[in-house]
Amino acid sequence: MAAGEHFSCPSIFLRVTWHAEKVQRTGSAAFVRSPRRILYAIAFFLVFALTVSELGLVSQQLQRGGNAYENYPGKEFKHDLGILLFSCIGTLLYLIGHFYVSFGIIVFFTFVFAIFWGVGAGVMFAVTPFKGTNCGSDPSTFPEAWQFYASQCEIVVSMEGVAWALWGLMTLMLCGMIYHACEFRPRHNVTFYGA
13 MAAGEHFSCP SIFLRVTWHA EKVQRTGSAA FVRSPRRILY AIAFFLVFAL TVSELGLVSQ
73 QLQRGGNAYE NYPGKEFKHD LGILLFSCIG TLLYLIGHFY VSFGIIVFFT FVFAIFWGVG
133 AGVMFAVTPF KGTNCGSDPS TFPEAWQFYA SQCEIVVSME GVAWALWGLM TLMLCGMIYH
193 ACEFRPRHNV TFYGA
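Under the working numbering, think of the first position of the sequence shown as 13, with each following residue one higher.
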């Protein structure tokens with residue numbers, strides 16, 4: 013779609029228009045002019061910072077446990093670490109490449125990674141008995157499979173928290189991108205029974 017063209021989605025009661033905006037790049041003054049651009053820059057920086065911190069936490073757990081299932085409290089936990097590692101690497105590639113692709117592809121991959129982060133955080137929440145309030149508890153209070161892993165409680169809770177934060181941030185960014193891309197206007201003189 014060329015710059016300045018409009019794409020309209022047909023609807024009976026609501027007209028949704030996708031705008032392909034022409035962006036003129038004339039230095040840093042043009043970049044900082046819009047509050048929306050500042051919010052995008054802050055959001056992408058936060059995604060980068062949180063993804064790098066999650067990558068460090070997940071990598072430490074995978075390095076500690078290795079490839080053997082016996083070194084983890086359960087197979088589901090080990091596979092969730094794999095999902096989180098994939099989400100980290102994919103999100104970093106998304107951040108590197110988002111300058112070079114169209115807005116529609118950015119929206120699509122924001123949706124995809126919001127799902128991946130939500131799945132990773134949700135599985136971690138469902139699998140682990142660790143919560144932010146019970147990390148100082150005696151290891152015998154945890155299920156038997158998790159007792160030897162009680163020393164890692166803070167790290168596991170941190171991984172879950174950062175994954176939830178990335179899910180929330182990606183979801184907010186997706187909503188902002190859809191709002192930015194579409195214009196919603198009511199259509200006058202349209203009823204259920206025809207015009």
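Each residue gets a CB set at the ideal place from its N, CA and C atoms; glycine is no exception.
Per-residue DSSP class, three states only, for residue i
i, result
"Cys3", "Since the displayed the chain opens at 13 and closes at 207, residue 3 lies outside it and no answer follows."
"Val59", "helix"
"Cys100", "helix"
"Asn83", "helix"
"His91", "helix"
"Gly77", "helix"
"Ser46", "coil"
Exposed unless 16 or more other CB atoms sit within 10 angstroms - verdict on residue i
i, result
"Ser99", "buried"
"Tyr81", "exposed"
"Gln72", "exposed"
"Tyr84", "buried"
"Ala162", "buried"
"Lys87", "exposed"
"Thr145", "exposed"
"Phe57", "exposed"
Close-in-space but distant-in-sequence residues of the same chain around residue i (CB under 8 Å, 5 per side omitted)
i, result
"His192", "Arg48"
"Ser65", "Val174"
"Met189", "Phe115, Ile118, Val119, Thr122"
Sequence-distant residues of the same chain with beta carbon closer than 7 Å to residue i, five excluded per side
i, result
"Gly130", "Trp179"
"Leu74", "Leu93, Leu97"
"Val168", "Thr140, Phe142"
Residue i: CB within 8 Å of a non-hydrogen atom of the ligand NAD
i, result
"Phe98", "Summarising the ligand content, the structure contains no ligands, and the ligand NAD is consequently not present."
Cut-off 6 Å between Cβ atoms - residues of its own chain near residue i, not counting five sequence neighbours on either side
i, result
"Thr183", "Ala126"
Counting only runs of 3+ residues fully inside the stretch 110–164, write out the beta strand (DSSP E) ranges in chain order. Taken in chain order, the stretch 110–164 contains no complete beta strand (DSSP E) segment of 3 residues or longer.
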